[in-house]
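Following: one structure in structure tokens, then a few remarks.
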Amino acid sequence: MIAILLVAIKDGRKGLRELFTSAARWRVRFPWYLTALFLIPILNLITYLLYTLFSGRPYPIALSMSAFGITGGLVSSLLEEFGWRGYALP
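Residue numbers (the working numbering): 2 to 91.
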């Protein structure tokens with residue numbers, strides 16, 4: 002988030018436009034984006050189902066906590082990428 006603030010101060014709207022445009026460029030094929038986005042949630046679901054199947058009890062951690070962790074991790078990772086790839090290492 003600090004990178005967005007620094008770019009806004011240093012380069013204004015033009016800099017912000019360039020920063021967000023560079024983040025939206027497709028650098029690999031689309032299936033890799035799907036893999037990166039859905040692999041961990043699918044593995045979590047498989048783990049949940051296997052645990053429930055073999056133990057006969059529900060998994061001790063609620064799925065909502067997994068969703069919270071994945072969402073938080075995704076958001077923080079994206080903001081960190083703006084800091085490193087968008088500002089510190091253009």
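Where is the CB? At the ideal position from N, CA and C, for every residue including glycine. Computed from a predicted model, the values in this text were never measured in an experiment.
Between which two residues does the alpha helix (DSSP H) carrying W33 extend? Translated into the one-based positions of the sequence shown, residue 33 becomes position 32. Segment 31 to 56, the alpha helix (DSSP H) holding W33.
Cα-Cα separation, I62 to R14: Taking the first residue of the sequence shown as position 1, residue 62 is located at position 61. Taking the first residue of the sequence shown as position 1, residue 14 is located at position 13. Approximately 44 Å, taken between the alpha carbons.
Return the residue from the list A9, I41, I47 that minimises the CA-CA distance to P59. On the sequence shown, residue 59 is found 58 positions in, with the first residue counted as 1. For P59, the nearest C-alpha among the options comes from I47.
Can you check which of these residues, F83, E19, L75, is closest to L38 by C-alpha distance? On the sequence shown, position 37 is the one that residue 38 refers to. The shortest Cα separation from L38 among F83, E19, L75 belongs to L75.
How many angstroms separate the CA atom of R18 from the CA atom of N45? Counted from its first residue, the sequence shown places residue 18 at position 17. Counted from its first residue, the sequence shown places residue 45 at position 44. Near 36 Å, if we compare the C-alpha coordinates of N45 and R18.
Endpoints, alpha helix (DSSP H) assigned at R14: Sequence index remark: in the sequence shown, residue 14 carries index 13 (1-based). Per DSSP, the continuous alpha helix (DSSP H) segment holding R14 begins and ends at 3 to 25.
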